[in-house]
Amino acid sequence: GQQLNQSPQSMFIQEGEDVSMNCTSSSIFNTWLWYKQDPGEGPVLLIALYKAGELTSNGRLTAQFGITRKDSFLNISASIPSDVGIYFCAGNMNYGGSQGNLIFGKGTKLSVKP
Amino acid sequence: DGGITQSPKYLFRKEGQNVTLSCEQNLNHDAMYWYRQDPGQGLRLIYYSQIVNDFQKGDIAEGYSVSREKKESFPLTVTSAQKNPTAFYLCASSHGLGDYEQYFGPGTRLTVT
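Those protein sequences? They're chains A and B, same order as listed.
Residue numbers for the first sequence follow this note's numbering, so the first one is 389 and each next one is one higher.
Residue numbers for the second sequence follow this note's numbering, so the first one is 1238 and each next one is one higher.
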């Protein structure tokens, strides 16, 4: 089935650093979503993107819907310890109003630098 | 407070037993979903339901069953036919058809020995 490639798989952050991660697909997507999951909890929706080229912010988080519609990027500015967790991208290939389910990437695990 | 609840948080069962995981939402959402998450993996769709009394198989439905008798509730039964039932199970909901913003419950960790 369709897969989303998320990278990096894991990364270490030092407080104050900016963080970037991305998600790519071989197919065109019409919706991109970014979620954060803390250990043992359900994912929390961070940002939803619906239009190619769209740039949307949520506090220190900024996500972009790639203009090719095959990728999306998430940036976290000035990271803080509570940013640690697993970040998932998810996408949908269908247009609004039609049936379609989300496809999830395998996640980017953010940890604190020892 | 509106949200999705899943119970219990942890569940232990012996191999060969069926077990039912609860999912309730008070968001007035039409669509509900069940996902399975294994370590280091993304979420895989088990079953979904767009309206009451209707549900569809997802990518990994074998060994699972669901019902949708009420809008608020979408229980998942893990049957003895599921070969690797130990996993973290997540329930989600969205407004309905064409709305891709899914909101998740806190999850149930099922361990089968």
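Glycine is no exception: its CB is placed at the ideal position from the N, C-alpha and C atoms.
Every value quoted in this text rests on a predicted model; they were computed, and no experiment measured them.
Contacts of residue i in chain A (Cβ-Cβ under 7 angstroms)
| i | result |
| --- | --- |
| B:Gly1253 | Per Cβ cutoff of 7 angstroms: no residues; B:Gly1253 is ~27 angstroms from chain A at best. |
| B:Tyr1285 | Asn489 |
Cβ neighbours of residue i in the same chain (closer than 7 angstroms, five flanking residues each side left out)
| i | result |
| --- | --- |
| A:Leu434 | Trp422, Tyr423, Lys424, Asn446, Leu449 |
| A:Ala451 | Trp422, Ile435, Leu437, Thr444, Ser460, Phe461, Leu462 |
| A:Phe453 | Trp420, Leu437, Lys439, Ala440, Gly441, Glu442, Ser460 |
| B:Ser1304 | Pro1312 |
Contacts that residue i makes with chain B (C-beta to C-beta distance below 8 angstroms)
| i | result |
| --- | --- |
| A:Ala436 | Tyr1337, Glu1338 |
| A:Lys439 | Going along chain B, no residue has its Cβ under 8 angstroms from A:Lys439, so there is no contact; the nearest lies around 13 angstroms. |
Residues near residue i in its chain [Cβ-Cβ closer than 6 angstroms; skip 5 each side]
| i | result |
| --- | --- |
| B:Phe1341 | Leu1327, Ala1329 |
| B:Asn1263 | Gly1239 |
Cβ-based neighbour list, residue i, same chain, cut-off 8 angstroms, excluding 5 preceding and 5 following
| i | result |
| --- | --- |
| B:Leu1248 | Val1256, Leu1258, Thr1345, Arg1346, Leu1347, Thr1348 |
| B:Lys1320 | Gly1300 |
Endpoints, beta strand (DSSP E) assigned at residue i
| i | result |
| --- | --- |
| B:Leu1264 | No beta strand (DSSP E) contains B:Leu1264, which DSSP labels as neither H nor E. |
| B:Tyr1284 | 1280 to 1288 |
| B:Gly1295 | Neither: B:Gly1295 is in no beta strand (DSSP E) and is coded neither H nor E. |
| B:Met1269 | 1268 to 1274 |
| A:Met409 | 407 to 412 |
Rounded separation between residue i and residue j - CA only
| i | j | result |
| --- | --- | --- |
| B:Tyr1301 | B:Gln1243 | 17 angstroms |
| A:Ile468 | A:Asp426 | 14 angstroms |
| A:Ala466 | B:Pro1276 | 28 angstroms |
Contact list for residue i against chain A, beta-carbon separation under 9 angstroms
| i | result |
| --- | --- |
| B:Gly1342 | Gly430 |
Quiz item: Counting pairs of Cβ atoms below 8 angstroms between the stretch 405 to 414 of chain A and the stretch 459 to 472 of chain A, do you hit three or more?
Solution: yes
Quiz item: Okay, do the stretch 1303 to 1310 of chain B and the stretch 396 to 409 of chain A touch, 3+ Cβ pairs below 8 angstroms being the bar?
Solution: Counting Cβ pairs under 8 angstroms, fewer than three are found: no touch.
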